[in-house]
Amino acid sequence: MIRLSIPLRQALARLSLPLMIAAAFGVMLLGKADALLAERLRTHLSDALSPIYAALAEPTAAVRSAVEEVRFLATLREQNAALREENERLRRWHATALALEAENEMLRRQLNFLPEAAPAFVTARVVADGGGTYARAVLLATGPQHAIRKGQVALDERGFVGRVTEVGSRSARVLLATDMNSRIPVTLESSRARAIMAGTNGARPRLAHWPEGVIPVEGERVVTSAEAGAFPAGLPVGVIRVSPQGAPEIELFARLDRLDAVRLFDYGLSGIIPPEAVARPEPRPRRR
Amino acid sequence: MATPPNRRPQGRPAPAPGLVRRVDAFARLAFPGFSTAFLMVLAAAPVTLPSPVLAVTLPCVAFWSVFRPAAMMPPIVFLLGLLLDLLTLAPLGSGILVLLVLQAVALRFRRFLVRQSFLAVWLAFCVAAFGGALLYWALQSLLALQLPPVAPALHAALLSCGLYPAVALLLTRIHEAMLQAENAP
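Those sequence lines, one after another, are chains A and B. First residue of the first sequence? That's 80 in the working numbering, and the numbers climb one at a time after it. First residue of the second sequence? That's 122 in the working numbering, and the numbers climb one at a time after it.
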């Protein structure tokens with residue numbers, strides 16, 4: 080330690096405050112002169128302090144989650160009451176559903192109704208799209224010994240995809256509902272009107288041939304119809320969307336642009352079986 | 122600075138050996154500056170509250186300037202002010218000047234304040250905190266050449282007034298412990 084005489088030290092002590100105030104003005108001038116200086120210093124400081132803040136973040140998060148927990152507990156009571164009430168309501172609905180089911184059962188028995196057998200299905204992986212005779216078709220890889228027949232109905236996890244048109248020994252081709260050659264008999268669910276869903280090669284097939292006096296409503300659900308014996312009734316197909324031109328189209332439930340596996344259902348129907356594909360001299364050049 | 126053993130006063134514990142004693146003295150000297158800086162860094166931690174850095178700094182600087190000016194020297198205040206400016210987004214120099222002015226005022230009145238009750242010191246601090254916050258705001262508007270809203274400065278002053286008793290309670294304990302340690306040998 081440097082030893083200074085006492086008067087000198089006192090003088091220094093008395094001078095240091097004015098000196099420091101002068102230095103503060105100097106820093107102000109420096110900060111005004113070089114605007115980036117402060118930014119650079121701040122960056123260095125935050126670099127140095129970031130480990131401290133990282134360590135602080137843990138207890139802060141713990142406190143915050145505890146506060147959240149308390150708040151959640153506070154709302155628990157009213158949530159509980161609401162859930163109890165809802166549960167009561169649902170229980171009533173459940174009872175109603177059970178009663179209706181029993182009534183349905185009884186009526187069926189009286190009508191000598193023939194129940195439909197649960198359909199058998201196989202799941203096959205989609206290995207290629209396009210190609211072949213149709214513009215919108217997918218190729219499925221199947222095992223060597225399979226029971227896939229022409230005319231089986233293909234569904235993905237959401238809804239109707241198409242129909243099997245060609246069956247090979249290890250593969251099968253499904254004509255998608257969007258293909259121009261696809262015509263599917265459908266029913267509009269709320270008006271029960273029959274119509275035909277005609278593919279256009281676009282993403283949304285058109286609705287065609289609906290009866291007079293029925294107006295397809297935007298958002299109406301469309302299911303397959305059992306007309307002509309090609310499909311079972313009631314498979315989910317899509318919803319009606321009115322195009323900008325005013326024509327009703329169908330937005331399919333199935334995601335045809337990203338099919339990875341489809342289920343092939345055998346309903347034992349043999350209404351209209353597609354003809355054997357006509358062999359062409361050469362395959363059509365691919366558009367994309 | 123160890124006293125020779127033959128001149129040791131009677132009836133007192135033996136003084137600590139030279140190095141330990143010097144480290145002890147240095148720790149006492151450095152504690153106010155470092156603790157204030159640490160509090161400021163903690164206060165600047167990114168939480169949802171409005172940043173209370175200025176509100177934390179003012180009580181610490183005022184307390185140590187009044188009760189232990191030897192440890193809160195102007196260069197330390199200068200560095201604390203620089204840290205304040207860097208932690209907040211204020212123009213460089215404004216925090217330094219505010220803290221130095223606060224210290225100058227505290228040093229000017231410290232002989233009077235040391236003898237007063239806690240409540241009087243608190244009131245004096247409140248006046249000083251409002252003055253400091255307004256000076257801070259004025260310096261910011263002057264240096265940035267635009268008029269920032271006054272409300273944050275007033276909030277900081279209010280927060281600082283509210284924080285002072287808690288800070289002072291803690292620091293008084295520490296200060297008394299330090300005095301005891303200094304008077305003991």
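Virtual Cβ for every residue (Gly too), placed ideally from N, Cα, C.
Chain B contact residues for residue i, given Cβ-Cβ distances below 9 Å
i, result
"residue 317/A", "Result: empty, since nearest Cβ-Cβ is about 47 Å, beyond 9 Å."
"residue 213/A", "Near residue 213/A there are no residues of chain B at all, since even the closest Cβ is about 60 Å away, more than 9 Å."
Cutoff 8 Å: residue i Cβ touching any chain A Cβ
i, result
"residue 295/B", "no"
"residue 154/B", "no"
"residue 177/B", "no"
"residue 225/B", "yes"
"residue 221/B", "yes"
"residue 242/B", "no"
"residue 124/B", "Its pLDDT being 44, under 50, residue 124/B is placed unreliably by the model, and the measurement read from it follows with that caveat. Judged by the 8 Å Cβ criterion, residue 124/B is not in contact with chain A."
Any chain B beta carbon closer than 8 Å to residue i
i, result
"residue 129/A", "no"
"residue 121/A", "yes"
"residue 106/A", "yes"
"residue 124/A", "yes"
"residue 89/A", "no"
Residue burial classification, residue i (beta-carbon count within 10 angstroms, cutoff 16)
i, result
"residue 186/B", "buried"
"residue 274/A", "buried"
"residue 303/B", "exposed"
"residue 207/B", "buried"
"residue 298/A", "exposed"
"residue 125/B", "Note that residue 125/B scores a pLDDT of 47, beneath 50, so its modelled location is shaky and nothing firm can be said."
"residue 266/A", "buried"
"residue 258/B", "buried"
"residue 242/B", "buried"
"residue 294/B", "exposed"
"residue 248/B", "exposed"
"residue 144/A", "exposed"
"residue 84/A", "exposed"
"residue 155/B", "exposed"
"residue 305/B", "exposed"
"residue 258/A", "buried"
"residue 235/A", "buried"
"residue 148/B", "exposed"
"residue 260/B", "buried"
"residue 223/A", "exposed"
"residue 261/A", "buried"
Residue i: contacting residues in chain B (beta-carbon distance under 8 Å)
i, result
"residue 117/A", "206, 207, 212, 213"
Chain A contact residues for residue i, given Cβ-Cβ distances below 7 Å
i, result
"residue 195/B", "95, 96, 99"
"residue 162/B", "128, 131"
Partners in chain A for residue i, counting only beta-carbon separations shorter than 8 Å
i, result
"residue 202/B", "103"
"residue 218/B", "100, 103, 104, 107"
"residue 199/B", "99, 102, 103"
Partners in chain B for residue i, counting only beta-carbon separations shorter than 7 Å
i, result
"residue 135/A", "166"
"residue 110/A", "212, 213, 214"
Contact test: residue i Cβ vs the ligand NAD heavy atom, cutoff 7 Å
i, result
"residue 346/A", "Among the ligands in the structure shown, none appear at all, so the ligand NAD cannot be discussed."
Residue-chain proximity (residue i, chain D), Cβ-Cβ < 8 Å
i, result
"residue 251/A", "Looking for chain D here will not work: the only protein chains present are A and B."
- Message: Any C-beta of chain B within less than 9 Å: which residues of the stretch 228-255 of chain A qualify?
- Response: none
- Message: Against chain A, which members of the stretch 249-274 of chain B pass a CB distance test of less than 7 Å?
- Response: 264
- Message: To test your reading of the DSSP string, which unbroken beta strand (DSSP E) runs of 3 or more residues are found completely within the stretch 254-310 of chain A?
- Response: 262-267, 273-277, 285-287, 300-303
- Item | In chain order, each beta strand (DSSP E) run of at least 3 residues that lies wholly inside the stretch 202-245 of chain A | 216-220, 232-234
- Task: Starting from the N-terminal side, write out each stretch of the alpha helix (DSSP H) that is 4 residues or longer and does not extend beyond the stretch 234-299 of chain B.
- Result: 239-265
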